[in-house]
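Participant:
There are 2 protein chains.
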Amino acid sequence: MAIRSKIETDISTEEKIKEAARKVFLQKGYSATRTRDIAEEAGINLALLNYYFRSKERLFHEVMQEKMQQFFGVLLSIVNNDSTKLETKIELIVSNYIDVLSENPELPLFVLSEMKGHGDKIKNILPVQKIANNISFIEQLKERRPDINPIHFLMNILGMTVFPFVAKPAFNLIAATQQSELNLILKERKKLIPIWVKAMLKAK
Amino acid sequence: MAIRSKIETDISTEEKIKEAARKVFLQKGYSATRTRDIAEEAGINLALLNYYFRSKERLFHEVMQEKMQQFFGVLLSIVNNDSTKLETKIELIVSNYIDVLSENPELPLFVLSEMKGHGDKIKNILPVQKIANNISFIEQLKERRPDINPIHFLMNILGMTVFPFVAKPAFNLIAATQQSELNLILKERKKLIPIWVKAMLKAK
DNA sequence: TAATAATTTAAACAAATGATTAAAACATTT
DNA sequence: AAATGTTTTAATCATTTGTTTAAATTATTA
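In order, the protein sequences belong to chains A and B.
For the first sequence, numbering that gives the first Met the number 0 begins at 0 and goes up steadily by one.
For the second sequence, numbering that gives the first Met the number 0 begins at 0 and goes up steadily by one.
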């Protein structure tokens with residue numbers, strides 16, 4: 000009981016800070032985030048941030064690691080499976096990304112912005128076995144269209160799937176989209192993008 | 000001669016600051032940029048920044064205005080032309096975007112990030128006559144595929160075209176792309192994306 | 001229960017940062 | 001050339017910001 004309650008507060012305070020850091024970092028990015036923003040959001044004394052995480056940078060690093068894993072995990076968990084056929088992989092990538100990003104709309108712009116900002120420090124944190132030349136998904140694409148660099152299709156799938164989340168404010172500007180309308184569109188895209196990608200794979 | 004030389008230095012100093020601001024803001028974003036970075040990059044005394052532009056925020060506003068115009072201008076200059084047929088518009092959008100973004104690779108991530116950060120202040124600076132429901136490009140898409148919301152095709156074209164620039168560090172991570180290889184890929188995409196979009200427009 | 005360890009707090013610090021000031025340097029006008 | 005206006009500079013200011021400190025509080029152990 001004594002031990003338990005100590006461990007619980009332990010986790011609770013530390014996790015409160017981390018949760019607040021997730022929220023604020025994703026909303027404002029590393030540079031625009033003040034440690035005081037995080038402390039206030041977490042409802043804790045400012046000094047506790049450094050007590051538990053040493054520095055703003057270390058706390059950010061933990062969040063970034065988590066978020067990169069989340070963002071690339073969707074792709075990497077599917078792409079290497081030898082027993083899934085190309086069409087199914089395409090459907091899975093699109094569907095899973097739209098699900099994950101609907102729950103976490105700020106994820107891609109955050110990850111892509113911060114990857115650009117924090118050069119080499121970041122590139123080592125992900126256990127991304129590079130999708131080199133002999134990964135199953137790439138091989139399948141090469142087999143289907145030997146005349147086209149398979150990276151093209153990866154760009155197309157991710158572009159069509161992820162870009163609407165990255166460019167949400169832009170789409171709101173040029174076409175006046177409402178949240179309810181956007182949700183419908185995303186639901187439609189789950190079905191349509193695989194159809195379109197298959198059409199692209201055939202196009203000559 | 001006397002007047003001329005004065006005006007020249009005038010423009011020169013102000014333009015030196017603005018050019019430096021373009022470079023640093025685009026590279027690091029608003030919050031990570033220090034006015035001292037800009038002053039150093041411009042090779043001028045820090046106080047001159049405030050002398051010419053009053054504040055960091057006003058200087059940023061001028062750069063942002065310019066960059067939003069550049070980014071959306073590509074699209075808006077093409078999309079409203081009544082005498083261009085759908086296929087040609089698609090080719091023009093893709094080709095022009097790849098040209099502009101090849102010269103300015105940081106443009107889309109900058110514009111999209113800062114649009115998210117600076118809420119309403121930004122949304123008024125662009126003379127974006129919203130691509131509402133009766134814009135020629137949208138009408139043409141509706142006519143071709145009355146069964147599909149035309150915004151889908153806009154997302155697809157921009158996603159396939161712009162996303163590779165936004166996600167460049169990510170593509171470098173998951174597939175090891177070199178600059179020379181990337182240039183070839185972009186050149187290929189100029190031809191391929193219109194073909195793929197046309198295939199999508201036919202797909203059932 | 002007393003002693004020890006862990007957590008939390010308020011206050012303060014040092015460095016960074018956007019902005020200002022007053023004087024100097026330079027150019028233009030009379 | 002003298003007077004006036006403009007541009008540039010070095011120094012300084014006031015705030016903000018990440019971090020630290022030392023004491024207070026709370027929990028754990030002996």
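Ideal Cβ placement from N, Cα and C applies to all residues, glycine included.
Just so we're clear, the structure is a prediction, and the values are computed from it rather than from any experiment.
Indicate whether at least one CB of chain A lies closer than 8 Å to the CB of T12 of chain B.
Facilitator: Locating residue 12 of chain B in the second sequence gives position 13, where the first residue counts as 1. False, the Cβ-Cβ gap to chain A never drops below 8 Å.
Participant: In this structure, how does DSSP classify T83 of chain B when only helix, strand and coil are distinguished?
Facilitator: To locate residue 83 of chain B, count along the second sequence from 1; it is residue 84. Residue state, collapsed to three classes: coil.
Participant: Compare the beta carbon distance of V73 of chain A and N95 of chain A with 8 Å and say whether it is the shorter of the two.
Facilitator: As a working mapping, residue 73 of chain A is identified with position 74 in the first sequence. As a working mapping, residue 95 of chain A is identified with position 96 in the first sequence. Result yes, Cβ atoms of V73 of chain A and N95 of chain A sit closer than 8 Å.
Participant: My understanding is that L47 of chain B touches I16 of chain B, with C-beta atoms under 8 Å, so please give their C-beta distance in whole angstroms.
Facilitator: Within the second sequence, numbered from 1, the residue matching residue 47 of chain B stands at position 48. Within the second sequence, numbered from 1, the residue matching residue 16 of chain B stands at position 17. Right, the Cβ-Cβ distance comes to about 7 Å (below 8 Å), so this counts as a contact.
Participant: So, helix, strand or coil for I137 of chain B, using DSSP?
Facilitator: By 1-based counting over the second sequence, the position of residue 137 of chain B is 138. Reduced to three states, the DSSP call for I137 of chain B is helix.
Participant: Could you tell me the boundaries of the alpha helix (DSSP H) in which N123 of chain A lies?
Facilitator: Numbered from its first residue, the first sequence carries residue 123 of chain A at position 124. From DSSP, N123 of chain A is part of no alpha helix (DSSP H); its letter is neither H nor E.
Participant: Check the Cβ-Cβ distances between M159 of chain B and every residue of chain A, and say whether any is below 8 Å.
Facilitator: The residue given as residue 159 of chain B occupies position 160 in the second sequence. It does; some Cβ of chain A falls within 8 Å.
Participant: Starting from the beta carbon of L239 of chain B, find every residue of chain A whose beta carbon is closer than 9 Å, and list them in chain order.
Facilitator: Nothing about residue 239 of chain B can be reported from this structure: the residues present for chain B run from 0 to 203 only.
Participant: Quick check: V161 of chain B and L111 of chain A, are their CB atoms within less than 8 Å of each other?
Facilitator: Position 162 of the second sequence, counted from the start, is the residue given in the question as residue 161 of chain B. Position 112 of the first sequence, counted from the start, is the residue given in the question as residue 111 of chain A. For V161 of chain B and L111 of chain A, no; Cβs fall outside 8 Å.
Participant: Around the Cβ of N155 of chain A, are there at least 16 other Cβ atoms within 10 angstroms (buried) or fewer (exposed)?
Facilitator: Position 156 of the first sequence, counted from the start, is the residue given in the question as residue 155 of chain A. N155 of chain A should be labelled buried.
Participant: Step through the CB atoms of chain A and report whether any lies within less than 8 Å of the CB of S101 of chain B.
Facilitator: What you label residue 101 of chain B is simply residue 102 of the second sequence in a count that begins at 1. No, no contact with chain A.
Participant: Which chain A residues sit within Cβ distance under 7 Å of S54 of chain B?
Facilitator: Along the second sequence, one-based indexing puts residue 54 of chain B at 55. Within 7 Å Cβ-Cβ: nothing; S54 of chain B doesn't reach chain A, min ~17 Å.
Participant: Please classify Q68 of chain B: does DSSP put it in a helix, a strand, or coil?
Facilitator: As a working note, residue 68 of chain B is residue 69 in the second sequence. In the structure shown, Q68 of chain B sits in a helix (DSSP, three-state: H, G or I).
Participant: In this structure, does DSSP put D146 of chain B in helix, strand or coil?
Facilitator: The residue labelled residue 146 of chain B in the question sits at position 147 within the second sequence. If DSSP states are grouped into helix, strand and coil, D146 of chain B belongs with coil.
Participant: Within its chain, find whatever has a CB closer than 7 Å to the CB of T32 of chain A; leave out the 5 residues flanking it on each side and keep chain order.
Facilitator: As a first step, residue 32 of chain A must be located in the first sequence, where it is residue number 33. Taken in chain order, the residues that qualify are V23, F24.
Participant: Between E105 of chain A and Q26 of chain A, is the Cβ-Cβ spacing less than 8 Å?
Facilitator: Translated into the one-based positions of the first sequence, residue 105 of chain A becomes position 106. Translated into the one-based positions of the first sequence, residue 26 of chain A becomes position 27. Against a cut-off of 8 Å, the Cβ pair of Q26 of chain A and E105 of chain A comes out as a contact.
Participant: By how many angstroms is the C-alpha of L191 of chain B removed from the C-alpha of L85 of chain B?
Facilitator: Your numbering for residue 85 of chain B matches position 86 in the second sequence. Your numbering for residue 191 of chain B matches position 192 in the second sequence. Going by the C-alpha atoms only, they are around 16 Å apart.
Participant: Using beta-carbon positions only, say whether S113 of chain A and G28 of chain A come within less than 8 Å of one another.
Facilitator: Here residue 113 of chain A is taken as the residue at index 114 of the first sequence, counted from 1. Here residue 28 of chain A is taken as the residue at index 29 of the first sequence, counted from 1. The sequence shown places Glu at residue 113 of chain A, not Ser. Contact: yes.
Participant: Taking the alpha-carbon of E56 of chain B as reference, which of B:L100, B:I121, B:E39, B:M67 has the nearest alpha-carbon?
Facilitator: For the purposes of this step, residue 56 of chain B is taken as the residue at position 57 of the second sequence. When each option's Cα is compared against that of E56 of chain B, the closest is B:I121.
Participant: What is the rounded straight-line gap between the Cα of N123 of chain A and the Cα of L75 of chain B?
Facilitator: Mapped onto the first sequence, residue 123 of chain A falls at position 124. Mapped onto the second sequence, residue 75 of chain B falls at position 76. About 40 Å.
Participant: Closest to L185 of chain A by C-alpha separation, out of B:H151, B:F109, B:D36, would be which residue?
Facilitator: Here the question's residue 185 of chain A lines up with position 186 in the first sequence. It is B:H151.
Participant: Quick check: what's the CA-CA separation for S30 of chain A versus S30 of chain B?
Facilitator: Against the first sequence, residue 30 of chain A aligns to sequence position 31. Against the second sequence, residue 30 of chain B aligns to sequence position 31. Distance between the alpha carbons of S30 of chain A and S30 of chain B is about 6 Å.
Participant: Check whether the Cβ of V93 of chain A lies closer than 8 Å to any Cβ atom in chain B.
Facilitator: Your numbering for residue 93 of chain A matches position 94 in the first sequence. Not an interface residue.
Participant: Short of 6 Å in beta carbon distance, which residues of its chain neighbour I89 of chain B, apart from the five on each side in sequence? Order them along the chain.
Facilitator: Here the question's residue 89 of chain B lines up with position 90 in the second sequence. P193, V196.
Participant: Could you work out which residue in B:S82, B:G116, B:I137 is closest to H60 of chain B when comparing CA atoms only?
Facilitator: For the purposes of this step, residue 60 of chain B is taken as the residue at position 61 of the second sequence. Comparing Cα positions, the closest option is B:G116.
Participant: Give the range of the alpha helix (DSSP H) segment to which P168 of chain B is assigned.
Facilitator: The count along the second sequence starts at 1 and reaches residue 168 of chain B at position 169. Counting along the chain, the alpha helix (DSSP H) containing P168 of chain B begins and ends at 167-173.
Participant: List the residues of chain B that K15 of chain A touches, going by C-beta distances under 9 Å, in chain order.
Facilitator: Position 16 of the first sequence, counting from 1, holds the residue named residue 15 of chain A. Result: empty, since nearest Cβ-Cβ is about 25 Å, beyond 9 Å.
Participant: When the Cα atoms are used, what is the spatial distance from G158 of chain A to P163 of chain B?
Facilitator: Within the first sequence, numbered from 1, the residue matching residue 158 of chain A stands at position 159. Within the second sequence, numbered from 1, the residue matching residue 163 of chain B stands at position 164. Each residue's Cα considered, the two are about 7 Å apart.
Participant: Going along chain B, which residues have a C-beta under 9 Å from I194 of chain A?
Facilitator: Within the first sequence, numbered from 1, the residue matching residue 194 of chain A stands at position 195. By Cβ distance, chain B contributes M199, A202, K203.
Participant: So, does the CB of T227 of chain B fall closer than 8 Å to a CB anywhere in chain A?
Facilitator: The structure shown has nothing for residue 227 of chain B, since chain B only spans 0 to 203.
Participant: When you compare the CB of V285 of chain A with every CB in chain B, is at least one pair closer than 8 Å?
Facilitator: There is no way to answer for residue 285 of chain A, as the model of chain A reaches only from 0 to 203.
Participant: Determine the direct distance from the alpha carbon of A20 of chain A to that of A41 of chain A, and round the result to whole angstroms.
Facilitator: Counted from its first residue, the first sequence places residue 41 of chain A at position 42. Counted from its first residue, the first sequence places residue 20 of chain A at position 21. About 8 Å.
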